[in-house]
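Residue numbers (the working numbering): 1 to 127.
Here it is, written out as structure tokens:
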């Protein structure tokens, strides 16, 4: 009996984690360009301020994932508008997207390949 109870608790926990991962959608560079032309989006660069100052995607807002106040800053984002997050290559943005989901944001996208892929595809950069 105890085994069944523990088994179902573990399965429930794992299914919740997978559900969160499914809510974060990877978006390609081409999809991002098309999507942002027809939708008002919040583009969030989660790299450090130094990385951001060295170049970032036009109209992005810098909210450093490593900042101790990251969760406080993301609460200022509009929950009604889609959010696209990116970092240098995808690690921090994936973690940021999960934080957004856990704070009740539902339209969360992660720019596939991050700023590195944006640059390699010839994307415009602002300094």
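Just so it is clear, CB atoms sit at the ideal spot from N, CA and C, and this is done for glycine as well.
{"Check": "C-alpha gap between residue 101 and residue 29, whole angstroms", "Outcome": "22 Å"}
{"Check": "Nearest residue (CA-CA) to residue 115, options 33, 63, 57 and 108", "Outcome": "57"}
{"Check": "Spatial neighbours of residue 94 in its chain, beta-carbon cut-off 8 Å, leaving aside the 5 residues before and after", "Outcome": "24 and 110"}
{"Check": "Extent of the continuous alpha helix (DSSP H) to which residue 30 belongs", "Outcome": "29-38"}
{"Check": "Coarse secondary structure for residue 117, derived from DSSP in three states", "Outcome": "helix"}
{"Check": "Contacting residues, own chain, Cβ-Cβ under 6 Å from residue 79 (five flanking each side not counted)", "Outcome": "105"}
{"Check": "Burial state of residue 53 (16 or more Cβ within 10 Å)", "Outcome": "exposed"}
{"Check": "Three-state class that DSSP yields for residue 144 in the structure shown", "Outcome": "The first residue shown for the chain is 1 and the last is 127, placing residue 144 beyond what the model contains."}
{"Check": "Nonlocal neighbours in the same chain, by C-beta distance under 8 Å from residue 92, ignoring five residues either side", "Outcome": "46, 47, 65 and 66"}
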